[in-house]
Amino acid sequence: MPWYAGIGVLLLAAVVLPPQFGSYYHYLAGLTLINVILAVGLNLLTGNAGQASLCHSSFMAIGAYATTYLVTKFGLSYWLALPIGGMIAAMFGFALGFPALRLRGFYLAVVTLGFLELSTILIQQLPDITGGVRGIATPRPVMFGYVFSSDLAFYYVILAVALMAIWVAYSLLHSPTGRAFNAIRNSEAAAQTLAVPLARTKLIAFMVAAFFAGIGGGLFASLVGFIDPLEFGIWTSVRHIVFIVVGGLGSILGSILGAVVLTVLPETLRGFKEYNEFVFGGLLLVVLMTLPGGLAGLGPLLWSRVSRRSGSASQPVAKAQDVNLR
Amino acid sequence: MSIVLQLAIAGLSAGSIYALVALGLMLAHKGTGILNFAQGELVALGAYIGLFFSVVLHLPYWQVFILTLLVAAVAGALLERTLIRPLLHAPPFTVIVATLAIGLMIKNLLRIWWPESVSTFSSPLDGLSFQVGEVNINPQYLWITACSLLITGMLALFFRKSLIGKAMQAVSQNVTAARLMGIRVSLIFPLTFAVSTAMAALAGILMAPVVGIQAEMGNIILKGFVVAMLGGFTSLIGCVVGGFILGLLETFGGAFIGGTFKDVTAFVLLMVILLVRPNGIFGSAEARRV
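Respectively, the protein sequence lines represent chains E and V. Numbering-wise, our numbering puts 576 at position 187 of the first sequence, and it's gapless, one number per residue. Numbering-wise, our numbering puts 224 at position 210 of the second sequence, and it's gapless, one number per residue.
Here it is, written out as structure tokens:
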């Protein structure tokens, strides 16, 4: 079976199957796809361009609050507010990208951690815009008088956006900019000698990741219907990192796999909710140390073992070791 | 005038806590090359160990104090042997994510072990306060400042005078050369983490009576980073001075400008340092291999 037939079957399943299940599953599927969008965005920045970011949830928050504010206070259509929210998030990504131009590795991570802290504080301190610690309600979108109030209807909206996001990420990675991402991850010096504009490439990576997060945040706000600052803390950021590390750094397939598996699994193992952070942390450690290519790297790895032709297995996936943030 | 003095005392005590967190971060980073993103959770761990000795075993304060530091040091050494050792040659991203994961696991375990949201343990200074002229002084603040200064001074002496301290310095400067001089690097690394974790635990038990014990105490790590960067990630003095600068800025800014200012000070300071003097006030420019 050729690969596109497989994708076709999956797509068909994503469209045809959901109506067979209950509303809770529509909600869960929507959440999963939002996490896919977030993971794909973060993976472009971290897995491909090699820039560590601990503030992906801040960009998500910016998108979520901007969308909500535009819809509720300005009466803007959700379909306009969502991309504008993403663009506002991208602007913040651009602003954060500037210090990042001079920083590497640990220092960059510290700055993004600081930005996360700052955004959480500002959400709490600006209750006029954000509703403060009490949170704020976000309405579902409307189109030609039809309200997407059922989780199934909104699931299809999210599915469309997620497919678009995956397509954009795929095209980007196969464009000169995407190749430049991978080049600066491997070696900034080598990339520069090959005339890769370092500053521009990094800024683009930050903006794209922030845009994806902003869109994900806008969808999230509307799906859940209510947002408060607790949703956008360090734990959410780390969860996004777990998605891409477990799924496979630098691989779109990895982002999708990681987000799907790690959103659905905790829901099915709800009895262990208390131990959620512990399990995620442990999983992260195990994958980092034993499976540098993540789930997406597992297939090629197994295939090379089985076929005993170690050289023939292609390595499309970046290893954790390759994310070289000196 | 009295308000200024009162704020200064509060600011200095907050600053000395930040200095301790920064010191722990810096020691581990200089000694092993690992920047420990779980340091904040080690602060919380120290506070919870103190809580255990104080509330569960009912030991007096000075015993709690010493036992906590010892247990934290052992925990730090164990942490190095089990989880940090495999990261020694890993690239920064792996180290960041792995230590974040370790911190997350510690936080989760603490929350499960002690489900109460905010708790505290008694210290002999509780409820005491004395007046000097018009100034109301909380002895808790003086104790925090004095104790952290004293221990930092002892640490400085330890690095200057003792053989082990000198060995730790040698390893931080050049691992290979130190190994060639007959220093057992595999013993120095756990020792470094033991000292670093003990510093974190000290910060934890000192701040516990003032702010209360909770699993979210680990958020202090950002202030530790800012202070360590202010000090250039190299010197003990830099950490202490940096801590005082941040503590005083926060307290005075919070009092005269507003509460929001207090919360964003650390981030603003971080940005200013990184843009103006990336190597800190006391640091020197670092040569980097391309």
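Think of the CB as a built atom: it goes at the ideal place given N, C-alpha and C, for glycine as much as any other residue.
Contact list for F281/V against chain E, beta-carbon separation under 8 angstroms: G503, F504, E506 and L507
Along chain V, which residues have their Cβ under 7 angstroms away from the Cβ of A498/E? I110
Are the CB atoms of V149/V and Q228/V within a distance shorter than 7 angstroms? no
Taking only runs of the alpha helix (DSSP H) that begin and end inside the region 535 to 584 of chain E, which ones reach a length of at least 4 residues, in chain order? 540 to 562, 565 to 575 and 577 to 582
Residues of the region 123 to 155 of chain V in Cβ contact with chain E at a cutoff of 7 angstroms, in chain order, please. L123 and I126
Residue-level contact to chain E via CB, L216/V, 7 angstroms cutoff: no
Does DSSP classify Q145/V as helix, strand or coil? strand
Quick one: what does DSSP say S307/V is sitting in, helix, strand or coil? This structure cannot settle anything about residue 307/V, because the visible part of chain V is limited to 15 through 304.
Which value, in whole angstroms, describes the spacing of the CA atoms of L427/E and V57/V? 31 angstroms
What's the C-alpha gap between I547/E and V613/E? 13 angstroms
For a contact meaning CB atoms closer than 7 angstroms, what does L677/E contact in chain V? T108, V111 and A112
Could you compute how far the alpha carbon of L41/V sits from the alpha carbon of L459/E? 48 angstroms
Whose Cβ in chain E lies nearer than 7 angstroms to the Cβ of T274/V? Q514
Take H445/E and list the residues in its own chain whose beta-carbon comes closer than 6 angstroms to its own, dropping the five residues that flank it on each side. L431, A602, S626 and H629
Report the option in I645/E, V653/E and P618/E whose CA atom is closest to the CA atom of W556/E. I645/E
Shortest alpha-carbon distance to T279/V belongs to which of S210/V, S249/V, K44/V and G238/V? G238/V
Identity of the residues DSSP links to I227/V by a beta bridge: S133/V
Buried or exposed: which applies to P74/V, given that a residue is buried once 16 or more other Cβ atoms fall within 10 Å of its Cβ? exposed
Spatial distance of R589/E from A453/E (CA atoms): 27 angstroms
Measure from the alpha carbon of A572/E to the alpha carbon of each residue in G436/E, G411/E, L687/E and M678/E, then state which is nearest. G436/E
For chain V, is any of its Cβ atoms less than 7 angstroms away from the one on G494/E? yes
F533/E (DSSP reduced to helix, strand or coil): coil
So, with DSSP's three-state summary, where would you put I616/E? strand
Measuring alpha carbon to alpha carbon, tell me which of W392/E, T519/E and T457/E ends up nearest L619/E. T519/E
For V286/V, would you say it is in contact with chain E, using Cβ-to-Cβ distances shorter than 7 angstroms as the test? no
If you reduce the DSSP assignment to three classes, tell me which class I151/V lands in. strand
Got a sec: is the Cβ-Cβ distance from M119/V to anything in chain E below 7 angstroms? yes
Suppose you measure from the CA of A402/E to the CA of G524/E; what does that come to, to the nearest Å? 36 angstroms
Neighbourhood of T113/V by C-beta, 6 angstroms cutoff - its chain only, sequence neighbours within 5 removed: N50, F51 and A52
Is it the case that the Cβ atoms of G475/E and F600/E are separated by a distance below 7 angstroms? yes
With 7 angstroms set as the bound, which would you pick, yes or no: does the beta-carbon of P488/E sit closer than that to a beta-carbon of chain A? Here chain A cannot be found, since the structure's protein chains are E and V.
Return no unless some Cβ of chain V is closer than 7 angstroms to the Cβ of L714/E. In this prediction, L714/E scores a pLDDT of 47, lower than 50, which makes its location untrustworthy; no coordinate-derived value is stated.
Cutoff 7 angstroms: L163/V Cβ touching any chain E Cβ: no
Can you check whether the C-beta of L236/V is within less than 7 angstroms of a C-beta belonging to chain E? yes
Is there a Cβ of chain E sitting closer than 7 angstroms to that of F239/V, yes or no? yes
Quick check on the burial criterion: 16 or more other C-beta atoms within 10 angstroms. Buried or exposed for L406/E? exposed
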